[in-house]
Structure formats: structure tokens, C-alpha cells
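Novice:
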Amino acid sequence: MDNMPLDLDISELLPMDIHEWDNLRNTPLPYCFSDEEFEKEIEESEKSGWAEDNDVNTFIIKWKNLK
Numbered sequence: 001m002d003n004m005p006l007d008l009d010i011s012e013l014l015p016m017d018i019h020e021w022d023n024l025r026n027t028p029l030p031y032c033f034s035d036e037e038f039e040k041e042i043e044e045s046e047k048s049g050w051a052e053d054n055d056v057n058t059f060i061i062k063w064k065n066l067k
């Protein structure tokens, strides 16, 4: 198999400047559910037939253990 040259843009390899770091630092984190919101979402999913009771309960137990 022939080695294929990679077309790299050297500017992509340069470290981020201070403004890019500031922008990254100020970027909001993804939305996270509170416990109540999470449990409500699980209950609604369960009612819609998304999962059986045992599956949901196991998932909730694992979620709480991750905290």
C-alpha cells in the first residue's frame, strides 16, 4: 500500500492564542439535568413504553451512584 501524504495546514498545529482560550473558558457547559428533571424524564420515557420498570430503576440507581 502506498503511503499517502497528509495535507496538513501548519496553522492548525499552532497552539491557541489567549483569546481562543478565553472564548473556550467562557463557553457555557452543556445543559445538565437536575435530579428531579432527570427522574421526570425517565418516568415520561417509561410511560411512553421506552423502557420497562426494571430497566429504568437500574438506570436510576447507576446514575445516582455516579454522583
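The sequence shown lines up with residues 1 to 67 when you count with UniProt numbering.
C-beta atoms are modelled at their ideal positions from N, C-alpha and C, and glycine is treated no differently.
Work out the CA separation of Glu46 and Trp21 for me, nearest whole Å.
Specialist: Here residue 21 refers to the residue found at position 21 of the sequence shown. Here residue 46 refers to the residue found at position 46 of the sequence shown. Cα-Cα distance, rounded: 42 angstroms.
Novice: How long is the line joining the alpha carbons of Ser48 and Thr58, rounded to whole angstroms?
Specialist: In the sequence shown, the residue the question calls residue 48 occupies position 48. In the sequence shown, the residue the question calls residue 58 occupies position 58. Distance between the alpha carbons of Ser48 and Thr58 is about 18 angstroms.
Novice: Look at the alpha carbon of Glu43 and the alpha carbon of Ile18, and state the distance between them as a whole number of angstroms.
Specialist: Position 43 of the sequence shown holds residue 43. Position 18 of the sequence shown holds residue 18. Each residue's alpha carbon lies about 45 angstroms from the other.
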